Structure formats: structure tokens, C-alpha cells
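Protein chains in written order, with the working numbering: chain R, 1 to 383; chain B, 384 to 720; chain G, 721 to 1059. Glycine included, each C-beta is placed from N, C-alpha and C at the ideal position. Quantities reported herein were computed from a predicted structural model and do not represent experimental measurements.
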Ligand SMILES: Nc1ncnc2c1ncn2[C@@H]1O[C@H](COP(=O)(O)OP(=O)(O)O)[C@@H](O)[C@H]1O
Ligand SMILES: Nc1ncnc2c1ncn2[C@@H]1O[C@H](COP(=O)(O)OP(=O)(O)O)[C@@H](O)[C@H]1O
Ligand code: SF4
Ligand SMILES: [Mg+2]
Ligand SMILES: [Mg+2]
């Protein structure tokens, strides 16, 4: 019935790609995550950051194996001991593999103080994958294998603290605590953000208004005083483990707002997307639309946001513990460790106690670098 | 350079070195813009229309760069004794003082989306006055007066009041008018209009075209009018250049282009648009395939893989050069070689 | 008015008012009358065009008649082959879901209308799967057939949309709309975002498909030359109202509404020997939040009389199948686009 009267047969236009080349075809059939990886890969710094994070993850998972000693084990002869030197050649210049000298205390008549000096009479070889102090991996699996170990003596790569505890081992255990707080906090804020932002964006109306005002309220409170007052509520008699959980939950509860906003914004803009509209006209159910269209579309953004919010978690824990409101001994975290270097004098006399700070800085940097790369890769379809 | 020409572009080549490869956005453009004429640039999206315009003002988005070619401008600016002389814009540094004076002072530009060319934080009047104050030696009050007159001239009612309003308080058509007003405030010798009516509705578009015709008559400026709408170009341009993949494939008077096409691309393009007529409807002529990706420029004639008159063994091998059909009508097609 | 057996659908007094939320807790203060008292009909097998400037309510109308959004008021009566006439707006959720097989939509933006995270196959398959129209085994066969009809080559089904240019994407969108074999398709500016050469390909394709499959189209556009080329009948919208409806020939030859006349005069002819004489419309398009009283066109109309600002002109049939809403539609001698 159309006004057009067409006789010529349908010509088939652009089937131009007769000669398909493989590389192109694999690009054309690449999934979202493959495209994101292609884009991410171009950021050299992000790749470095990712490598560093992988090391941190290993440290977190295998702390007992990587640390030669437990977090509370003491070397009573070596208090405030500075990092030990690693040697390869003995005094005669002969190559002897990797070794350390044990340290002995000597009373110095001139200064009237105890000096710690290397006992060069005997070399103590560093053994790799050797049996050492027994431990329970994650409190579950018994073992005594360590990455390195020194027989009949101690090895303190980062020195020791006031009680003679190995700073290197404690930093490794602190990594586990600090990162796990980050992980759990991020998961909590992920769940809260997704749920609250989702409800707010999906239902709209009054619920949305209330949630938005609540978020604005939370965000307008300066963070540090808020943490401090909340942390101060935690009963002093709680066990360190309970405090650990409380702090984690606290950090999670305060950081979901950004994510909730993002989820809401994405949902609202996505509801208007033509392809979501098309799915609805095609007869798709709400569940199918959310599952097939919406979630895949903002998953990548959520991952970016989570990565970016990690440093805030870590810094939050560090800050709280540092000012004495967060975790306490015998739990060790980077923040707890840094408590030992609270004044200039301490840093001046025992600069090695500051090692945990370097870890904090490196981890925060690594997360930011990875986050930058991911942000760029999050929408591989932008043109 | 011809006496009557304001601008002459010679063998202009612009490329974008990207991670995926190099995009040859302009592949040897030759174009002259006579004084007081409307030159239409037509082509499908991505063929290099905007880059041609932006090259003239050296506002190519990074990482694009001019590799080769001259852009000669006849101007009094930058001359010792206030005489007309010819300068090569392609040789000037993008941030040089002279080029800054030329932008807006001598050549101004209107963009497709006027919202992006106005700042949202200043009143429209302030922005128009600013353009004038920067380029001409006038007092603030004179500038204000000139701005009101100009807004009035481009058909904005109640100009003295609307001067103080912000861009978002104007409708799309009014913003576009204001943009044209701002472009003309320094009385430039050329106006570049990059798809100025594309986002407007037909009735508003018709008003814009009228306005531009009037302005050309009153101010005598040359206009470089970029569009992909053949109807618009037929109505406004004196001469037309048809672009395809960074090359001008045909140029001539508007009559030549619409009634005596030489290049198969031009004829296909003109035949592909539905025309309002009383006649019985036929199928539209199509051009096969689509514009190739900028990373895959075809060999020989860039149009050969879509051309209905393609000569195998010739068109895919030899690069055509423009053939002159007299009276400035040129086409780069191997059918005529 | 044609008889019931010729009709595919009838729209009666359709309205859609969007509330505008202002203030912290979103108290409703005003509404945008996106579609206001619109009535028209579409005949089986024809292409009915809707034209009008942006914001005139074309998209909203198109979505309402598929009930992709809920109307404020009004009826849309469908006359489908194997069913009694029914009002779409009264269907239950379940019935609406069953109705989806009878109508689909083609979108303007070939980029945002395809989910970039799904393969072409999954995109085209979605209506089949969502409506459970076919057994699993038959799905692949149907997708291949549809793809072929829409000139989407079979090898492309594995790819994702990012592999394709605008024209090819639009064909994929068409395949998705046709995979259920619906008798009725709403085409919302399907060629507005495309280049001229691609536009011609898609218009020809839509035309061929209509002949082959006996389709009815609602074709929304703002380019009048395209509308004149492809439509059998056309309706003209302005600020949410339908101003005129007639066969394409009638409308372009002898319009009855002053706004249609202005639109026609503004079409830039792609021929320099035809000189345009556009009718100057004074002022700007009014805001849809506060449309003018009476005839909403009166502040810009050159034929306006006092009555125009006082009463809303009636929607009347002036000659067979030629409707208009203007107080003087019966008297004015207006100029069309054909010279
Ligand atoms: N910012 C940019 N980055 C990379 N390439 C670009 C950029 N801008 C333009 N190009 C390339 O230059 C070519 C011409 O672009 P343009 O002049 O904008 O086309 P038109 O205005 O005709 O649509 C395009 O094919 C595109 O590939
Ligand atoms: N979801 C919405 N909420 C509020 N206003 C809307 C919405 N959708 C459309 N509108 C308004 O309704 C009017 C008609 O819009 P639309 O149907 O998209 O027009 P067209 O398709 O003719 O350009 C416009 O003024 C637009 O701003
Ligand atoms: S009703 Fe009056 S104002 Fe409206 S179009 Fe007709 S003449 Fe013009
Ligand atoms: Mg452009
Ligand atoms: Mg629309």
C-alpha cells in the first residue's frame, strides 16, 4: 500500500568485509572486559600499580610464611635494634652466600650505654624455604615453613621495636590487617551503596528524596571528627578483635555514599537509555532488564569506585589507630605500628619504626594508579 | 593568489597520530575563498569539513597537526604600513599574537552547538562585549551599545534587556543568533559557520539562512558554510566543494554541483536525497557500503570501492587529480583523464 | 473516517502530562503537556508520518501508542487480525506482555539503541526470548532469516555493536524490531542520525520490508522531504497538539493549517533554481509548561484573529480524511510545498 512502487530487486549494500582478517574479527567479537583490558593495558603506571597490589595481596594471604617471626615474638637481646645488614662476603673477602652476623650487647664504658654490635666471629647463613618458628596459617593450618630463616640467631630486616619485636614481620602482619579492613569495608560499602542507591534510583519519588538528603547530610560532616566521635563510643573493654570488626564496619558505613550516588545516577540515566527502552518494548521483565542490561553496564564503574575508595579505607584505619581510637595491640595494623613513631624524637632515634608509613604510601599510590587506569578503561565504548 | 580571493588554501594536509594508527584527516586540500562569497563545504560526517575550518584558525584538536600546505590570508593585520599583505596562517604559531588578532578580528567562527561556545557563567552581553573590547579600541559603553545593536540586528527582540541574560535562558535558535552576532561584532572579513543549523528545526533554520544572507549583503563578509544538508547548501552557497575522505572531489558553482555533476560521488549524493515533487515516487539511489574507517583508506581513488562507475585496474590504482571543466568547475575523477 | 476493517489503530484524546518536580522534597507544581488531546488513526499497511519540531511530542506519542509509558488519559484502540478490537490502555500487565508481539520500535540513535555489551545475535534474539514466542531450537533459524531480510550478514551475528557503522547498526535495530514478525512498527526518526547515502539505504530497506511483510509504520521524522517520500498520510504536531492530518499529497499540496504552511515554506529545496520564500514566524516557540491560551500557535500566526487567543480550535474533518485544528481551516487559501 505504500506510495512507493519498487521493482528493482534488493541490492545488498555493504557486505564489504569479504576478506576478514583475524585480528580485526577478534576485536569485533571482544567482550566488555576484553576491551577494558585493551584500554587498561595502555596505562604503564596502572600496570605497575597492579603489580604492586599483587605483591600486597600475596603478603596478606601468606603473612605467616613471609614473616620469619610472629607479630608478638621477641628478641629480648635486641631492643630498638636497627635493621641488620645482609652480607655476602666474610671479612676475608670470601663469597659465603647470603648471611647475617648475630648481634650481641656490649657495655660501652665511654658512653655508659649498652651498644649492639655484630658478632663477626661466626656467620649465620640465611636459609630459604626453611623450617622456623611454628605458626597456624590464618589460625587454621599448622606449619613452620618460612620464606627465609636464620638458624640459632635472628634476622631483623627492618630492625626491632622497643620490645624487640621484628618490625619486618609486624609490617607483614599489619598488611594483612590493614588490607583486610579495606576489603571488608569496601564490601560493606558496596552492599550498602548498591542497595540504597539502587532503591533510591529505581523507585524514585519520596524514598529517593529522603535517601538523597541523608547522603547529603552524611557527606557534609567532616570525616575526622566524625570518626573520632564514633570510635570514642566503642567501649574500652571490648577485646581487640571486636574493636577490629567495629572499626571495619564503621569505615564501611561511612563510605557507601559515593557509591550509592553513582549507582543511583547510573540507574536513572540508564532507565532512559534507548536500549533499555527497547528491551522493555521487547517484553523483557524488570528482572531481566536489571540483570542483562543495567548491571553489566555499571559493573565496571562500580569496580572503579571501589578501587578508588580503598585508599580512603586504609587511611581511615591508619588514622584512627594512629590517634589511639582504632585498633590496639595485640592486633597489628599499619596504624598500630605507626603509633610507635608518634613523635619526632622517636623517628629521629629509631627511623626504622617509620617503615610501615612507607607501606601505607605505596599501597595508597598503587590503588590510585590502578584506579586511574580503570577509570579510563571503564567505558570502552566511548568515542 | 587571485586578486579577489580572501583566502587560498594550497595542498593542505592534516593528520592525527593516534595509538591505533595515523588518520589522514585532510589529504591535500586546495580551496580558495573569494571576497564576499558564500562557499559551501559538503560531505558526510568524518570527511574533514570541520578540520578544514579549524585548520584556518589553527584550532585543530590535539593530537592533530598540519603536516604540509599553505593557508594564505589577505589582511591588513600585522602589516607595517597598514596595507593589505598576504600571510601564511599555517606558518604562524597557534598561540601567536597575530593569530589571536586574526581569530575573531578577521575570521570568526560559529559552531553547531552554540552552548559549547558560550560560557555558562557570564551573561551573553558580557561575552559579546568582551570579544569587541579585546579586538577593537572602544570604551565599555561603546561596546555595550554595539552589542545591543548587533543583537537587534540578528533578530533578538528586546536586546537591551536580553543582553544581561545567561546563555541557558535563550532557546536554541536565539542562542545561535546570538552566536552569529558575537561572530560578527568585530566586523570580520570572513565567517566560518560549521553546521550552524544542524541542531535547529526547519522553521528556525530557514530564519537563520535568511539572516545569514542579509548579513552577507550588509557586511560583505565571506562565509564558509559547512553542512551535510544539501538542501541548505543549495539555498545559501554561491560555490560548493564536495569532500570525501579528506579530499575535495568536486568543486564548482552551486548550479554546477546540482545540475551538472561530474564526479560520481556528487551525483550519487544529489540523487540519494528525497526531493519533494509531485512526481511518482521512485526508489532512492543509494551509495553502496559506507564511508571506510579512517584507518583503512582505499588505494587509488578514495571513492573507488563505492563508486558505481569504478573502472577496475584503473580507479583502484591511480590517484585522480582535479580536472578543470572551465569556470572553476573541477572534479577529481579518472573517468575524465 | 475509514471503516473499522481498514484501521489498524485509533487514538482518541490521548494526553501525557509530565510533572515537573521542584523544591527539596519534589512538590509537584507544574506539568509539561507533552501530548495534549491527540486523536488520529492509522490504517493497515500504510506509513503514517508524524512531523513537528523537536519537543512537539512526537516521541512521546509514539511511546504512548505502544504503551511504553502510561498515558495521563486517552484510548488507543487496536484492530488486530485475529482479535476483537481492544483498548491498549486497559490491558493488564500480562495482556500487555502478550501484546508486545504485535508491535515493535526502531530508534533514532543507532548507538544508544543497541546494548554495547551484547552480541548482535543476543540483541536480535531478545524479543524472541523475552516474549517466549518461539521454541529454543527455532530461535536461531528465525534470527538468521530476519538478519538476511534486513541485510545483516550472518557472520556478523557473533560480533558486538562496536564493530559496526551507523547504517549497519540501524539495520541491526530493524532486525530486532522485525524478529517477532509484528504487523506494526513505530519508527522514531530512524534516519535522522544517518548520513545522506546511508539514509537512502535505510529508507529503501524499510520500504522493501513493508512490501514483503505487509507492515504498517508510524514514521516519526522532522525532515519533511523524507516524510513526503515515504509516508502515505501525515500528521503535524506542535507543542503537544496535533494541528493537521491528511494524505501526504493533500498536506503538501493544499495544507489547511497556517503552521503546516510555514513548515512547508521552510523546507530548503535541494535545487538552487528553486528560491525559498520562508514564512517568517514571529517570536520563539513557547514553553510547553505554559502554552498560550486558545490556539497555541496564535502568537506566531500571521492569520490570527481575536478568537484564536480565546478558544481552542476544534479538531475537524474538512474534506475526506483531511483534519485540522484551526478556526479558519475552512476558509484560508494556503500554499503547499508543490509549486
Ligand atoms: N579529536 C580528534 N581525534 C582524532 N581524530 C579526529 C579528531 N577530530 C577529527 N578527527 C579525524 O578527522 C577526520 C575528519 O573529521 P571532521 O573534520 O571533524 O569531519 P566532519 O566535520 O566532516 O564530520 C575524521 O575522520 C576523524 O577521524
Ligand atoms: N520523561 C520526561 N519527563 C519530563 N518531560 C518530558 C519527558 N519526555 C519528554 N518530555 C517533554 O515532553 C515534550 C515532548 O517531548 P518529545 O515527545 O520527546 O518530543 P519530540 O519527539 O517531538 O521531540 C518536551 O517538551 C519534552 O521536554
Ligand atoms: S487557529 Fe488561528 S492562530 Fe491558530 S493557526 Fe488557525 S489562524 Fe492561526
Ligand atoms: Mg564536523
Ligand atoms: Mg523525538
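Buried or exposed (CB count within 10 angstroms, at least 16 for buried), residue i
| i | result |
| --- | --- |
| residue 763 of chain G | buried |
| residue 504 of chain B | exposed |
| residue 719 of chain B | exposed |
| residue 462 of chain B | exposed |
| residue 919 of chain G | buried |
| residue 544 of chain B | exposed |
| residue 201 of chain R | buried |
| residue 43 of chain R | buried |
| residue 666 of chain G | No answer is possible for residue 666 of chain G: it lies beyond the span of chain G, which begins at 721 and ends at 1059. |
| residue 221 of chain R | exposed |
| residue 382 of chain R | exposed |
| residue 131 of chain R | exposed |
| residue 373 of chain R | buried |
| residue 1029 of chain G | exposed |
beta-carbon residue i near ligand 5 non-hydrogen atom, thresh 6 angstroms
| i | result |
| --- | --- |
| residue 781 of chain G | no |
| residue 749 of chain G | no |
| residue 778 of chain G | yes |
Chain-order list of residues whose beta-carbon lies under 7 angstroms from that of residue i (same chain, five-residue window excluded)
| i | result |
| --- | --- |
| residue 293 of chain R | 275, 276 and 279 |
| residue 289 of chain R | 276, 279 and 280 |
| residue 786 of chain G | 823, 825 and 906 |
Close beta carbons around residue i, own chain, < 6 angstroms, minus the five adjacent residues each side
| i | result |
| --- | --- |
| residue 1046 of chain G | 977 and 1033 |
| residue 347 of chain B | This structure leaves residue 347 of chain B out entirely; chain B is present only between 384 and 720. |
| residue 10 of chain R | Since pLDDT at residue 10 of chain R reaches only 38, below the 50 mark, its modelled position is unreliable, and the value read off the structure follows with that caveat. None. |
| residue 1077 of chain G | As shown, chain G starts at 721 and ends at 1059. That puts residue 1077 of chain G outside it, with no answer to give. |
| residue 238 of chain R | none |
| residue 63 of chain R | 172, 173 and 176 |
Contact test: residue i Cβ vs ligand 2 heavy atom, cutoff 6 angstroms
| i | result |
| --- | --- |
| residue 738 of chain G | yes |
| residue 955 of chain G | no |
| residue 543 of chain B | no |
| residue 1008 of chain G | yes |
| residue 752 of chain G | yes |
| residue 833 of chain G | no |
| residue 774 of chain G | yes |
Residue i: CB within 6 angstroms of a non-hydrogen atom of ligand 6
| i | result |
| --- | --- |
| residue 727 of chain G | Ligands displayed in this structure: ligand 1, ligand 2, ligand 3, ligand 4 and ligand 5; ligand 6 is not among them. |
Contacts around residue i, its chain only, beta-carbon distance under 8 angstroms, and the 5 residues preceding and following it disregarded
| i | result |
| --- | --- |
| residue 495 of chain B | 577, 578, 579, 581 and 582 |
| residue 655 of chain B | 667, 668, 669 and 670 |
| residue 198 of chain R | 263, 264 and 267 |
| residue 165 of chain R | 69, 71, 72, 73, 74 and 75 |
| residue 848 of chain G | 854, 859, 862, 863, 899 and 900 |
key: Residues within the segment 89 to 105 of chain R neighbouring chain G, beta-carbon criterion of under 8 angstroms   = none
* To do: Mind listing which residues have their beta carbon within less than 5 angstroms of any non-hydrogen atom of ligand 1? Chain order is fine.
  => B:399, B:406, B:408, B:428, B:429, B:430, B:431, B:432, B:433, B:434, B:444 and B:677
* To do: Output, in sequence order along the chain, the residues in the segment 808 to 841 of chain G whose CB is closer than 7 angstroms to any CB in chain R.
  => 817, 820, 824, 825, 827, 829, 832, 833, 834, 835, 836 and 837
_Output needed in chain order: residues of the segment 270 to 287 of chain R with a Cβ under 9 angstroms from some Cβ in chain G._
273, 274, 275, 276, 277, 278, 279, 280, 281, 282, 283, 284 and 285
Residues of the segment 944 to 962 of chain G in Cβ contact with chain C at a cutoff of 8 angstroms, in chain order, please. The displayed structure is made up of protein chains R, B and G, and chain C is not among them.
**Message:** Against chain G, which members of the segment 128 to 159 of chain R pass a CB distance test of less than 8 angstroms?
**Reply:** Listed in sequence order: no entries.
- Query: If contact means a Cβ-Cβ distance below 7 angstroms, which residues of the segment 782 to 806 of chain G contact chain R?
  - Reply: 786 and 788
Below 7 angstroms between beta carbons is the criterion; list the residues of the segment 257 to 268 of chain R that meet it against any residue of chain G, in chain order. none
Check: In chain order, what residues of the segment 658 to 673 of chain B put their CB closer than 8 angstroms to some CB of chain G?
Finding: The segment 658 to 673 of chain B vs chain G, Cβ under 8 angstroms: 658, 659, 660, 661, 664, 666, 667, 668, 669, 670 and 673.
Requested in this report: Please list the residues of the segment 878 to 910 of chain G that have a C-beta atom closer than 8 angstroms to any C-beta atom in chain B, keeping them in chain order.
Outcome: 885, 886, 887 and 888
- Item | Selection of the segment 21 to 37 of chain R by Cβ proximity to chain G, strictly under 9 angstroms | 24, 25, 27, 28, 29, 30, 31, 32 and 35
*chain G contacts from the segment 549 to 567 of chain B (Cβ-Cβ distance under 8 angstroms)*: 554, 556 and 557
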